[in-house]
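Asks:
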Amino acid sequence: MNKSFLPLDNHFQPILYSFRRCPYAMRARMALQLSSIQVETREIELKNKPPAMVALSPKATVPVLQLGENSVLDESLDIMLLALSHPIEPLLSSGCEAASASSEIIGPLDYQHLIARVQNLAQRNEDLALIAQNDNQFKPWLDKYKYAERFPEQTEAFYRQQGEIFIAELETRLTQHALLSGSQLSLNDIAIFPFIRQFAHVNKAWFEQSPYPKVNAWLTALIDSPLFTSIMVKRPVWQWA
Ligand SMILES: N[C@@H](CCC(=O)N[C@@H](CS)C(=O)NCC(=O)O)C(=O)O
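For the working numbering, add 300 to where a residue sits in the sequence shown, where the first one is 1.
#1: Do three or more CB pairs link the region 474-489 to the region 415-428 at distances below 8 Å?
#2: Going by DSSP, what residue range makes up the alpha helix (DSSP H) through threonine 475?
#3: Indicate the three-state DSSP secondary structure (helix, strand or coil) for glutamine 498 in the structure shown.
#4: Would valine 364 pass as a contact of valine 372 if the rule is Cβ separation under 8 Å?
#5: Could you spell out the range, first to last residue, of the beta strand (DSSP E) harbouring tyrosine 512?
#6: Give me whichever residues DSSP pairs with tyrosine 411 in a beta bridge.
#7: Nearest-angstrom Cα distance between tyrosine 445 and tyrosine 459?
#8: Compare the Cα-Cα distances from phenylalanine 528 to each of Leu316, Ala328, Ser481 and Gln454 and report the closest residue.
#9: According to DSSP, is asparagine 420 part of a helix, a strand, or is it coil?
#10: Which of helix, strand or coil does DSSP assign to valine 354?
#11: Please indicate yes or no: does the CB of serine 357 lie closer than 7 Å to some heavy atom of ligand 1?
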């Protein structure tokens, strides 16, 4: 975390500014869901951002988590790390069991293992390296693939091939074990799959028959998990006026 550690203010109800379809906001919501931090989630529109959010974070990207009068986290990874450093709620254990029914390929998602892995500095750093690759290398190609008509200097197929470099790396990992960092859920899985979901959605038919069957199975299992379905509930846009 680049800011000094932000303690939770017991007198302040944390507020999360979020956008349902944003992959950065999705990963922050999943981590918060696994934590004991209760937040008021304010669904925003990117075209009409609440002035209160922009005042807190002038860069004006979601997610933004306000923890107190003057404490704000406006990077999804910082929010994840803060959330996963807090004890988890009992609802998690029931989540694990429900997940096992939805995923025959990867088995039960062990959220406790995820928390332990985040709290182990070496493992956390190992995960953050792959997440950096996702955010800094894969994501720019994903954007071009999604909006290829806005980047006519290359074809959609070219942008997809650039994205496939990362997808192929994930396929190799998933050939060795069911999840990205082993047989148990890690920060990598929940931080990265919302972006792979977007990549898959650009051309579902292509993705489903692509030479990445392990990535397909992993993605389906995570999309079907109770953790993901619980954070994708639709909320009305927050009204501030
Ligand atoms: N590095 C930031 C990136 C967040 C981000 O770029 N979010 C997008 C939505 S997916 C956004 O808010 N874009 C601003 C806009 O579209 O106006 C993070 O990890 O939180």
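Beta carbons are placed, not taken as given, at the ideal position from N, Cα and C, and that holds for glycine.
Replies: Looking at the coordinates:
#1: Segments in contact, yes.
#2: One-based indexing of the sequence shown puts residue 475 at position 175. In the DSSP assignment, threonine 475 falls within the alpha helix (DSSP H) that extends over 456-476.
#3: Taking the first residue of the sequence shown as 1, we reach residue 498 at position 198. For glutamine 498, the three-state secondary structure derived from DSSP is helix.
#4: Locating residue 364 in the sequence shown gives position 64, counting from the first residue. Locating residue 372 in the sequence shown gives position 72, counting from the first residue. Yes. Within cutoff.
#5: In the sequence shown, the residue the question calls residue 512 occupies position 212. Careful: tyrosine 512 lies outside any beta strand (DSSP E) and carries neither H nor E.
#6: What you label residue 411 is simply residue 111 of the sequence shown in a count that begins at 1. BP columns for tyrosine 411 are empty, so no partner.
#7: Locating residue 445 in the sequence shown gives position 145, counting from the first residue. Locating residue 459 in the sequence shown gives position 159, counting from the first residue. A direct Cα-to-Cα measurement between tyrosine 445 and tyrosine 459 gives close to 5 Å.
#8: Within the sequence shown, residue 528 is the residue found at index 228, counting from 1. Distances from the alpha-carbon of phenylalanine 528 to those of Leu316, Ala328, Ser481 and Gln454 put Ala328 closest.
#9: Taking the sequence shown and counting its residues from 1, the one referred to as residue 420 is at position 120. Reduced to three states, the DSSP call for asparagine 420 is coil.
#10: Your numbering for residue 354 matches position 54 in the sequence shown. Residue state, collapsed to three classes: helix.
#11: Looking up residue 357 in the sequence shown gives position 57. No, the beta carbon of serine 357 sits no closer than 7 Å to any heavy atom of ligand 1.
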